[in-house]
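Engineer:
Residue numbers (the numbering used here): -13 to 229.
1) According to DSSP, which residues form a beta bridge with residue 31?
2) Work out the CA separation of residue 113 and residue 172 for me, nearest whole Å.
3) Determine the direct distance from the alpha carbon of residue 185 to that of residue -8, and round the result to whole angstroms.
4) Quick check on the DSSP output: what are the complete beta strand (DSSP E) runs of length 3 or more inside the stretch 35 to 106, in order along the chain?
5) How big is the Cα-Cα spacing for residue 199 and residue 227?
6) Closer than 8 Å by C-beta to residue 46: which residues in its own chain qualify, once you throw out the five before and the five after it? Chain order, please.
7) When the distance is taken between beta carbons, is residue 0 closer than 8 Å to residue 94?
8) Alpha carbon to alpha carbon, what distance is there between residue 72 and residue 84?
9) Do you know offhand how far residue 179's Cα is from residue 140's?
10) Please state whether DSSP places residue 196 in a helix, a strand or coil.
11) Considering only the beta carbon of each residue, do residue 158 and residue 166 sit closer than 8 Å?
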């Protein structure tokens, strides 16, 4: 079975903050203190160099616990054994399985240690992604509902740009086959039939928001992360169509 690309995980990861050393025991307490204070991170991986050997990851929590106990500094005692190294080439499924049993992952990209992924970061990112998907779904359902409610003949509108067919067999699109590009065509061409919408919004403002919704939808679905997601056009479209 072909591996699912894990490339999109990169946007949910953080740039790797690390220390270089030939051996773990070479790490000095003062060096660690300065790194932790400056970067404000929970974990500090130790590498011989960015393409070299991974020696282990020091845990801030374990380090502070050691200090509270009044024990002498020992890098070996503050290593988190549940931090693992993964390569982006391992695929999404393999990386997520390791993440489930790890405190975090050091991510190698093109042979270099580049990123750090924590379960919390991915969880927060997925929660944010899910919120965006729900907004997209709600807006699309509202668009479809009004087209059905008003019995709009959308095939006429789609034929303007030859978008009326759903496959090479020339089968006409049904409501479930419509895309945001189709919605733009339909509402632009049939605006006069959406007479109730005129009470709430002008045609130009509606189409402007619908076009923005379409752009954000494509950015989210293709994991481009090129646009700063804005809920406003979604909220407005949903508001206009809820009457």
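The beta carbon of each residue, even a glycine, is placed where N, CA and C say it ideally should be.
Structural biologist: Here's the rundown:
1) In the DSSP output, where bridge partners are listed per residue, residue 31 has 43.
2) Residue 172 and residue 113: Cα-Cα distance of roughly 32 Å.
3) Taking the straight line joining both Cα atoms gives about 47 Å.
4) Segments of the beta strand (DSSP E) lying fully in the stretch 35 to 106: 40 to 45, 69 to 73, 90 to 95 and 98 to 103.
5) Taking the straight line from one Cα to the other gives about 14 Å.
6) Hits under 8 Å: 22, 27, 28, 29 and 30.
7) No, Cβ-Cβ distance for residue 94 and residue 0 is not below 8 Å.
8) When rounded, the distance between both Cα atoms is 8 Å.
9) Distance between the alpha carbons of residue 179 and residue 140: 11 Å.
10) DSSP, read as helix, strand or coil, puts residue 196 in helix.
11) Contact flag unset, no.
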